[in-house]
Amino acid sequence: MWEANPEVLTTDLGDELVLMDPQRSVMFSLNDSGRLIWQALPASQEQLKTLLKEAYGLPDTQAEQDLGAVLNDLSSRHLVRRQ
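Numbering of the sequence shown is given in this note's numbering, commencing with residue 6 and proceeding in unit increments.
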């Protein structure tokens, strides 16, 4: 199960979602697929992969790769974590 870091602040700018970690003073901008993932949290990896597949018509392998890239990036920035 993945969850958002509860300390992260979010700002919706319409075409992007901006995340800010106040403890690290780090800002991060999410595109549409990143926003979709973020707004679905907390969720399992399988739930998030299914969400990407359905939203963008991706094959299973592509959805898994894209999801892994987003989650790895967000996790490395301490914006999300595994429960």
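We put the CB at the ideal spot given by N, CA and C, even for glycine.
Proximal residues to residue i (C-beta, below 7 Å), its chain only, five neighbours per side dropped
i, result
"W43", "A9, L22 and L35"
"S80", "R86"
"Q28", "E12"
Helix, strand or coil at residue i according to DSSP, with G and I counted as helix
i, result
"D17", "strand"
"E59", "helix"
"S30", "coil"
For residue j and residue i, the rounded distance between their alpha carbons
i, j, result
"D20", "A48", "23 Å"
"Q88", "E51", "14 Å"
Test item: CB-CB of residue i and residue j under 8 Å
i, j, result
"L53", "S38", "no"
"D71", "L84", "no"
Same chain, Cβ closer than 6 Å to residue i, neighbours up to 5 away in sequence not counted
i, result
"A68", "K54, L57 and K58"
"L24", "V13, T15, F33 and L84"
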